[in-house]
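Undergrad: If you scroll down you'll find the structure; I have some questions about it.
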Amino acid sequence: MSERNDNIQNAQHGVKGGMSKEEMARKIAGNLSSYSADDVQYREDARRRAAVHTEFAGECAPVNNPYLNFSNERRQGSSSGRPAGGRSSKSGRSSKSGKYSKSGKSAGGRKKSSSAKGGSKNARKKKKKKNKQRRVLSAVITLTVMLAAVGGGGAFWYTHGKAKYDGVFLENTFINGTEVSRKTPKEAAELVKQDSDMPDVITLTRPDGSDVRIPLSDIGLKDNLQSSVDNFYKEQNHSQWFTAKSQKSEYSFKLDFSYDEKKLDKEINRKIVEGQASVEPEDAYIQRTGDGFEIVPEVVGNGIDEDKVQVLYDYIDGFLERGEYSINLSNCNCYDTPKVRSSDLKEQLNQLNSLYDTEFTFDFIYTTETLSGSQVIDWITFENDNPLDGYTVDKKKAMAYVEELAGKYDTYGKDRTFNSTSRGKMTIEQGEGDYGWWIDQKKTCNLLVDLIEDGVSVTTEPYYYTNPDSQYTYTCNPKVRTADDDIGDTYCEVDLKKQHFWYYKKGKLEYECDIVSGKPTPERNTPGGVYKLWYKELNKVLSGSTSAGETWSTPVTFWNNISTFGVGLHDATWHTSFGGSRYVNYGSHGCINMPYDAAKFVYDNVELNTPVIMYW
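For the sequence shown, this note's numbering gives the first residue as 356, with consecutive numbering after it.
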């Protein structure tokens, strides 16, 4: 034992005297291997501890070093045949059972027994005591070796391990989730930067899709990345390098940065405001194609409104302050943008294309006139300067269409063929009469334009003229309107030459009488023409005057108005007779004077809008 201890001691001194760690470990292991087969367990423990020592001496690894785990190994003893923690030596050898076969002995030094069933109790107790003594001896020797190692090679192991982490982060070090183990602060900062997705440039995307890039280095970017990493390095206790493998170190910080606003504004002004190919914005509009209409898209352009340059600066600053480096300028209210976009015209486009299937129908009682969508399309015009106002209808073309309708369906002012009572078939000139259908062309044209702009199929009547002074409407009895006639078989007839009145109802004569018409002078003569009974009144006072200064005021009981200028059918009780030539000297101021009963019959029996035909 003394010789072995001396050899161990000499090996340890060898380390201090310049012997390498590997040489020291091999010498210790060699000394331990000289023991007899009865000391196999002791030699195995010593060899394993020497191997562990060699490992730490070579790698400077702090985990499971023999010094820290010494007490644990001592408690386990050498019965297991392997060091605590289950680690094996670099030789690759391990002792799963603690047994060696070449000596023919068991791990406990017991020989195989050929006696029956294990021997006596005293023999077993004796063997137990002997084994216990060997374990104590082994522990003492191991302790001696380890203390010597700690005192010499252990100090070298610790110092060398610490030196390996000078200038780098310890094992298991993470910054903002990025592992920086064994990295210098500069290397660690670069890794953290890569994982943070912090770019090197600011990317500005114009509304037209083109990109402009501004390197961060050009705007004097300063950040807290490197300084934060440096501080974390300084915070680490490198004296505890041997515990780092089993203890995770995590650091985190918020990446802050600053830049020179003047430099940034200068770059924005150079690359965005001034450094661009100027493209003027253009509004979207609608154009006609061969089979319909289509939208011509807007042109976005890339010109900056001179009055909104500061808006651009502030817009970009806002993104940078939030740590966003890819910035879309489409929503920045600084561009000379088109006022009308394609999306603004979709409703109008749909409406226009629907016109092809639209029909506008005018009802003329006995017939209709329909204007097709294909005809209307030719009337459409667009205000490209103000497309949001929608399309417009060419009023000249619309009016031309209405004029055609009037020429075809108006009966006002036209001569008529009439089958008179006493003279047979004759032509009645319109004369001063106000009977007939008369389309109000201006109102009807406006109606048509509105219908087309609404783009909805519809059937409607045209507008007819109304006398603004009398509210007289130029419409007649719709029940009798036909393509060839608007008088029908119910009417009043006045023959001014014969001074006679007839009333026919459904072709049958209902009433007749003599009359007195106007005195045959320029101011009092009764004009011929086609009239209608358009209003009635009881107990009316008729009054008027002539250019010669003649005035009159005459009360009547039954007033049946047939004109817009004061001609009517009324009772005239001051006459002693009617008919013949009495009108020449005693004629009216233009009215048809009738006997009291005749005027009452008209008032009571003749319906409004009944035609009144008068002729000379």
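Glycine included, each C-beta is placed from N, C-alpha and C at the ideal position.
As a quick exercise: from Gln826, Arg778, Thr876, Val835, pick the residue whose alpha carbon is nearest that of His855.
TA: For His855, the nearest C-alpha among the options comes from Arg778.
Undergrad: Report the three-state DSSP secondary structure of Thr909 (helix, strand or coil).
TA: Correct three-state label for Thr909: strand.
Undergrad: What beta strand (DSSP E) runs, 3 residues minimum, are completely inside the stretch 641-673?
TA: Fully enclosed beta strand (DSSP E) runs of 3 or longer: 647-651.
Undergrad: Can the beta-carbon of Tyr818 be found closer than 8 Å to that of Thr799?
TA: Taking 8 Å as the Cβ cut-off, Tyr818 and Thr799 qualify as a contacting pair.
Undergrad: Please classify Pro540 as buried or exposed, where buried requires at least 16 other C-beta atoms within 10 Å of its C-beta.
TA: So Pro540 counts as buried.
Undergrad: Mapping DSSP to helix, strand and coil, what is Glu320?
TA: Residue 320 lies beyond the range of the chain shown here (356 to 971); nothing can be said about it.
Undergrad: Per DSSP, what kind of secondary structure is Thr931 in: helix, strand or coil?
TA: Of the three classes helix, strand and coil, the one that applies to Thr931 here is coil, per DSSP.
Undergrad: Which same chain residues, not among the five before or five after Gln706, have their C-beta less than 6 Å away from its C-beta?
TA: Gly810.
Undergrad: Following the continuous beta strand (DSSP E) through His925, name the residue where it begins and the one where it ends.
TA: Here the beta strand (DSSP E) through His925 covers 923-926.
Undergrad: By a C-beta neighbour count over all protein chains shown, 10 Å radius and 16 as the cutoff for buried, is Ala599 buried or exposed?
TA: Per the 10 Å Cβ criterion, buried.
Undergrad: Just verifying my parser: in three-state terms, what is the DSSP assignment at Tyr606?
TA: Residue state, collapsed to three classes: strand.
Undergrad: Among Gly904, Arg879, Ile842, which residue has its Cα nearest to the Cα of Val885?
TA: Ranking the options by Cα distance to Val885, first place goes to Ile842.
Undergrad: What are the start and end residues of each continuous beta strand (DSSP E) run of 3 or more residues lying completely inside the stretch 761-832, in chain order?
TA: You should have 771-775, 779-783, 813-815.
Undergrad: In whole angstroms, what separates the C-alpha of Ile917 from that of Ser775?
TA: One C-alpha to the other measures close to 19 Å.
Undergrad: Closest by CA to Ala927, which one among Phe920, Gly945, Thr919?
TA: Of the candidates Phe920, Gly945, Thr919, the one whose C-alpha sits nearest the C-alpha of Ala927 is Gly945.
Undergrad: Quick one: is Tyr756 buried, meaning 16 or more other Cβ sit within 10 Å of its Cβ, or exposed?
TA: Flag for Tyr756 reads buried.
Undergrad: Gln665: which of Asn531, Ala518, Ala639, Lys621 sits nearest, CA to CA?
TA: Minimum Cα distance to Gln665 is reached at Lys621.
Undergrad: Skipping 5 residues on each side, what residues in its chain have a beta carbon closer than 6 Å to that of Asn880?
TA: The answer, listed in chain order, is Gly873.
Undergrad: Using a threshold of 8 Å, state whether the C-beta atoms of Phe524 and Ala544 are closer than that.
TA: No.
Undergrad: Looking at Trp914 and His925, is the spacing between their C-beta atoms short of 8 Å?
TA: Yes, they are a contact pair.
Undergrad: Going by C-alpha to C-alpha distance, which of Val911, Ser551, Asn586 sits closest to Gly522?
TA: It is Asn586 whose Cα lies nearest to the Cα of Gly522.
Undergrad: Are the stretch 893-907 and the stretch 846-861 in contact at 8 Å, needing three or more beta carbon pairs?
TA: The stretch 893-907 vs the stretch 846-861: no contact.
Undergrad: With a Cβ-Cβ cutoff of 8 Å, do Ala761 and Ile794 count as a contact?
TA: Their beta carbons are under 8 Å apart, which means Ala761 touches Ile794 by this criterion.
Undergrad: How would you call Gly1006, buried or exposed, if buried means at least 16 neighbouring beta carbons within 10 angstroms?
TA: Missing from the structure shown is residue 1006; the chain here goes from 356 to 971 and no further.
Undergrad: Please specify which runs of the alpha helix (DSSP H), each continuous and at least 4 residues long, are wholly inside the stretch 514-577, giving them in chain order.
TA: You should have 540-550.
Undergrad: In terms of residue numbering, what span does the alpha helix (DSSP H) encompassing Ser872 cover?
TA: Careful: Ser872 lies outside any alpha helix (DSSP H) and carries neither H nor E.
Undergrad: Distance, Cα to Cα, Asp850 vs Lys863?
TA: Cα to Cα, Asp850 sits roughly 18 Å from Lys863.
Undergrad: In three-state DSSP terms, what is Asn386?
TA: Caution applies to Asn386, whose pLDDT of 45 falls short of 50 and renders its modelled position unreliable; the model cannot decide the point.
Undergrad: Would you report the Cα separation of Ser908 and Ile870, rounded to the nearest angstrom?
TA: Rounded to whole angstroms, Ser908 to Ile870 spans 20 Å at the Cα level.
Undergrad: Shortest alpha-carbon distance to Thr815 belongs to which of Trp512, Gly923, Leu726, Leu710?
TA: It is Leu726.
Undergrad: How many angstroms separate the CA atom of Ile732 from the CA atom of Leu667?
TA: Taking the straight line joining both Cα atoms gives about 45 Å.
Undergrad: Whole angstroms is fine: what's the gap from Tyr790's alpha carbon to Thr906's?
TA: Taking the straight line joining both Cα atoms gives about 29 Å.
Undergrad: Please confirm whether Gln703 and Gly645 have their CB atoms less than 8 Å apart.
TA: Result no, Cβ atoms of Gln703 and Gly645 do not sit closer than 8 Å.
Undergrad: Tell me the rounded alpha-carbon separation between Lys618 and Thr514.
TA: Looking at the two C-alpha atoms, the distance is approximately 51 Å.
Undergrad: For Thr965 and Cys847, which I take to be in contact (beta-carbon distance under 8 Å), what is that distance rounded to the nearest angstrom?
TA: The pair is a contact, with the Cβ atoms about 6 Å apart (cut-off 8 Å).
Undergrad: Measure how close the beta-carbons of Thr576 and Val567 come, nearest whole angstrom, since I'm counting them as under 8 Å.
TA: Here the sequence assigns Leu to residue 576, which means Thr is not the residue at that position. Leu576 to Val567, Cβ: 17 Å. No contact.
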